[in-house]
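The numbering used here puts the first residue of the sequence shown at 64, with every later residue one more than the last. Each residue gets a CB set at the ideal place from its N, CA and C atoms; glycine is no exception. Everything on this sheet refers to the single structure shown next.
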Amino acid sequence: MAEMMDTVVADLAAEQDVLDGLVADLDEAGWATATPSEGWNVADQISHLAYFDQKAAQSVTDPEGFAAEVAGLIASEDLWGLEGRIMARGRAMSGSQLLGWWRESRLSLYSAMRGFDPEQQVPWYGPPMKAYSSAQARLMENWAHGQDVADALGVDYPASDRIYHVAELGIKTFSWSFRNRGLAVPDQRVRVVLRGTSGRVWVWNEGCDANITGPLRDFCLVVTQRRHAADTRLVVQGGPARQWMKIAQAYAGPPGPGRPPSGD
Numbered sequence: 064m065a066e067m068m069d070t071v072v073a074d075l076a077a078e079q080d081v082l083d084g085l086v087a088d089l090d091e092a093g094w095a096t097a098t099p100s101e102g103w104n105v106a107d108q109i110s111h112l113a114y115f116d117q118k119a120a121q122s123v124t125d126p127e128g129f130a131a132e133v134a135g136l137i138a139s140e141d142l143w144g145l146e147g148r149i150m151a152r153g154r155a156m157s158g159s160q161l162l163g164w165w166r167e168s169r170l171s172l173y174s175a176m177r178g179f180d181p182e183q184q185v186p187w188y189g190p191p192m193k194a195y196s197s198a199q200a201r202l203m204e205n206w207a208h209g210q211d212v213a214d215a216l217g218v219d220y221p222a223s224d225r226i227y228h229v230a231e232l233g234i235k236t237f238s239w240s241f242r243n244r245g246l247a248v249p250d251q252r253v254r255v256v257l258r259g260t261s262g263r264v265w266v267w268n269e270g271c272d273a274n275i276t277g278p279l280r281d282f283c284l285v286v287t288q289r290r291h292a293a294d295t296r297l298v299v300q301g302g303p304a305r306q307w308m309k310i311a312q313a314y315a316g317p318p319g320p321g322r323p324p325s326g327d
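Spelled out as structure tokens, the structure:
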């Protein structure tokens, strides 16, 4: 079981190193570059990752303290005001200071999660989750925010089969995506067949009538709301599949706005 956790942590670290390579040499103007997420610049994206990597580590090492902190935010009705404070903290730093904060947070996260029981429930800002899913969520967040950074800087975000974890979270959050919008969850799930950059193929929900097939990366871009399905090579067949691809959301929080198709 510990080996399973160490594998996902290694994948997480590798993905974070990729994003680190995109921002490590930025000047202050580069850190201030606007990203496709409205109101967020590059520094904001990294501040978000630094803060929540730190909190994910705390959820493992000090679950009681973390849960009490979240309960306090909810009681004060200030949970969603948290993002603004994170941005303000990051914008008050120089680029090198911000990068140092993120790197320190990452190291604390690896230390907390390596060797940890992947089945152990840990608290978060929504329902508790297994530690393995928490590590996957950190990888998903890193990759999604990293895609925004890459788009802002006009560079390609290196592809990897490691984002299989992002796709798996996208599958796991099928029902959540509907309930989060007050919609009825379809009676049947959707068969998903995805091909990674290595040629490896993953299949979920074999036997379901509705289908989604295509590149692993394209599916991940949709479920993290970084691309509209119409701008991908996904083949989407069946009502439940089409409805899901309009609202898919692999991350916690209120319904995200998604991205409009490039033709709009």
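Report the partner residues of Pro278 according to the DSSP bridge assignment.
-> Arg258
Cα-Cα separation between Asp83 and Glu182, rounded to whole angstroms = 29 Å
Who are the Cβ neighbours of Gln251 in its own chain at under 6 Å, not counting the five residues just before and after it?
-> Cys271
Option in Lys118, Ala87, Asn243, Gln288 with minimal Cα separation from Leu161 | Ala87
Say whether the segment 304-316 touches the segment 228-240, bearing in mind that this needs 3 or more beta-carbon pairs closer than 8 Å, one atom from each stretch.
-> yes
Best match in Leu257, Thr295, His228 for proximity to Ser269 [C-alpha to C-alpha] = As written in the sequence, residue 269 is Glu, which differs from the Ser given in the question. The shortest Cα separation from Glu269 among Leu257, Thr295, His228 belongs to Leu257.
Range of the contiguous beta strand (DSSP E) that encloses Trp239 | Where Trp239 is concerned, there is no enclosing beta strand (DSSP E), although the alpha helix (DSSP H) it sits in stretches over 237-242.
Look at Val72 and Met176 and say whether their C-beta atoms are less than 8 Å apart.
-> yes
Is Trp187 helix, strand or coil when you go by DSSP?
-> coil
If you run the structure through DSSP and keep just helix, strand and coil, what is Gln288?
-> coil
Thinking C-alpha only, which one of Thr124, Ala120, Glu146 is nearest Ala200?
-> Ala120
Alpha-carbon to alpha-carbon, Asp74 and Pro332 | Outside the shown range of the chain, which is 64 to 327, sits residue 332, and nothing can be said about it.
For Asn104, does the three-state DSSP call read helix, strand or coil?
-> strand
Span of the beta strand (DSSP E), counted from its first residue to its last, around Val71 | No beta strand (DSSP E) holds Val71; the alpha helix (DSSP H) holding it covers 65-86.
Sufficient close CB pairs (3 or more, under 8 Å) joining the segment 185-194 to the segment 87-107 = no
CB contact below 8 Å: Val255 versus chain C | Given the protein chain composition of this structure (a single chain), no chain C is represented.
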